[in-house]
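Asker: In terms of this note's numbering, the sequence shown is residues 32 to 356.
Just so it is clear, CB atoms sit at the ideal spot from N, CA and C, and this is done for glycine as well.
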Amino acid sequence: NMADYRSMVIDPGDVDPIIDFAYQCLQENSIEVVLADCIGYFNLKEMEVSRKRSSGAYTWQGCTAGKHTFGILHNGDILGCTSIRDKEFIEGNIRSVPLKSIWENPNSFSWNRNLKKEELKGFCKKCRFGDRCLGGCANSKLTMGGSVYAENRYCSYNHAVDKRAGLFEQNQSAAELAAMGRNYAQKGYYQLAETALSVALQRDGADTDPDLSNFYGYVSFRLGNYQIALEANEKVLQREPNDVYALKGKGLCLARLGKPEEGVEQLKRAVSLTDNGFMDPYFDLAIVLSEMGRQEEAISVIEAGRKKSEQFIVQSEALYRQLVG
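(1) For the alpha helix (DSSP H) that contains Leu208, what are its first and last residues?
(2) My parser needs the alpha helix (DSSP H) runs of 4 or more residues fully inside the stretch 231-273; what are they?
(3) Would you check if there are 3 or more beta carbon pairs closer than 8 angstroms linking the stretch 69-78 to the stretch 163-171?
(4) Helix or strand or just coil, what does DSSP make of Glu357?
(5) Cβ of Leu208 versus every heavy atom of the ligand SAH: is any distance shorter than 7 angstroms?
(6) Measure the Cβ-Cβ separation of Gly289 and Asn264 and say whether it is below 8 angstroms.
(7) Could you spell out the range, first to last residue, of the beta strand (DSSP E) harbouring Ile109?
(8) Counting Cβ pairs, one atom from each stretch, are 3 or more of them under 8 angstroms apart for the stretch 150-166 and the stretch 128-139?
(9) Quick test of your reading: Gly212 and Ala191, contact by CB under 8 angstroms. State the CB separation rounded to the nearest angstrom.
(10) Which same chain residues end up closer than 7 angstroms to Lys83 when comparing Cβ atoms and leaving out the 5 residues on each side of it in sequence?
(11) Should Asp315 and Gly282 be called a contact, given that it needs their Cβ atoms to be closer than 8 angstroms?
(12) Can you say whether Met39 is buried or exposed, counting buried as having 16 or more other CB atoms within 10 angstroms of its CB?
(13) Quick one: what's got a C-beta closer than 7 angstroms to Ser251's C-beta in the same chain, skipping five residues either side?
(14) Short of 6 angstroms in beta carbon distance, which residues of its chain neighbour Asp47, apart from the five on each side in sequence? Order them along the chain.
(15) Rounding to the nearest angstrom, what Cα-Cα distance links Val179 and Pro43 in this structure?
(16) Which term fits Ile103, buried or exposed, when burial requires 16 or more other beta carbons within 10 angstroms of its beta carbon?
(17) Would you please state the rounded distance, in angstroms, between the beta carbons of Gln92 and Arg163? I believe it to be under 8 angstroms.
(18) Just reading off the alpha helix (DSSP H) that Glu119 is part of, what are its end residues?
(19) Using the DSSP secondary-structure output, state which residues sit across from Cys94 in a beta bridge.
(20) Excluding the 5 residues flanking Tyr185 on each side, which residues of the same chain have their C-beta closer than 6 angstroms to its C-beta?
(21) Do the stretch 330-347 and the stretch 298-311 touch if we need at least three Cβ pairs shorter than 8 angstroms?
(22) Answer yes or no: do Pro241 and Val267 have a C-beta to C-beta separation smaller than 8 angstroms?
(23) Give me, in chain order, the residues of the same chain whose beta-carbon lies closer than 7 angstroms to that of Glu322; leave out the 5 immediate sequence neighbours on both sides.
(24) At which residues does the alpha helix (DSSP H) containing Arg144 begin and terminate?
(25) To the nearest angstrom, report how far apart Thr239 and Gln233 are at their CA atoms.
(26) Can you name the residues that DSSP bridges to Ile103?
(27) Among Arg287, Val345 and Leu278, whose alpha-carbon lies nearest the alpha-carbon of Arg253?
(28) May I ask which residues mark the beginning and end of the alpha helix (DSSP H) holding Thr305?
(29) Report yes if the C-beta distance between Tyr313 and Val332 is below 8 angstroms; otherwise report no.
(30) Considering Cys56, what are the terminal residues of the alpha helix (DSSP H) in which it resides?
(31) How close, in whole Å, do the beta carbons of Phe140 and Glu119 come, if the pair is a contact with beta carbons under 8 angstroms?
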């Protein structure tokens, strides 16, 4: 195992030159370079090389071990991937159990079949691609991070964001970092926004700024990091229990985390505290109620909001028409 010979292992920053070489060969039509599943991810050049190999559209969808592929060792042991041979990953042996039974056993390959983004560590847990990538190559995580849940530092996208974070850390001003985060978010670059805001929140006193924490919660929500967003909302509410924005955010996060009833209660509280200058709680409450199949309640919420604010009539028109049919 190369993990025992770390001096011979490439650094995370060496992945990009490998991808660059493969891309150059593709452009020159010289030799075909096939990038293994441990090389990636979401690097435009890598995607182009892999697209050529797959003869069509390509996007990394995570480790296939136990989902679409399996391996058989010389002794009949069945694994999700033959690179991962630890005893805990052996799902059975075809000399004693039929392969079909092993494959169809709902408990087989559960380490990968049931893996969720929220279980990952480090950057992978916050990555915008985390839900489909799930940290990339499981063997890379296991050998270099000690666990299939470890952060994959050999990810090109991770390395790119990490380099940008290094630049952010050179900036000592939380206010400037927050402004950068807002600018990135306005452009739809939520990963960079999250990175800038994470660094900003590490500055002295910044974590007590409700506006900064609220905005970090919003950006995390947009990245699908609902638990992280929830924690940001709750941090604000510990200091300011009636913060409407944090209540609204908490309600949405709870709904996305499979607790819609609790989410509705938080959203109703936000509705009761807000004024006609901030009508988002009405809109979001109606959305969650609609998703729960409570259409009449959703319509009532929208109609109450439309009576309260003329601007909300315009804001909610499309949703209102959809709800009333």
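Answerer: Reading off the structure:
(1) Ala205 to Gln217
(2) 241-253 and 257-270
(3) yes
(4) Outside the displayed span of the chain (32 to 356) sits residue 357, for which this structure offers no information.
(5) As for the ligand SAH, it is missing from this structure, which has no ligand bound.
(6) no
(7) Asp108 to Leu110
(8) no
(9) Their Cβ separation, rounded to whole angstroms, is 17 angstroms, which puts Gly212 and Ala191 out of contact at 8 angstroms.
(10) Leu57
(11) yes
(12) exposed
(13) Glu225, Ile259, Ala260 and Ala263
(14) Ser187
(15) 17 angstroms
(16) exposed
(17) 5 angstroms
(18) From DSSP, Glu119 is part of no alpha helix (DSSP H); its letter is neither H nor E.
(19) Note: Cys94 sits in no beta bridge, so no partner.
(20) Pro43, Val46 and Ser171
(21) yes
(22) yes
(23) none
(24) Ser141 to Arg144
(25) 11 angstroms
(26) Ile109
(27) Arg287
(28) Premise fails: Thr305 is in no alpha helix (DSSP H) and is neither H nor E.
(29) yes
(30) Val46 to Glu59
(31) No, Phe140 and Glu119 are not in contact; Cβ-Cβ is about 12 angstroms, not under 8 angstroms.
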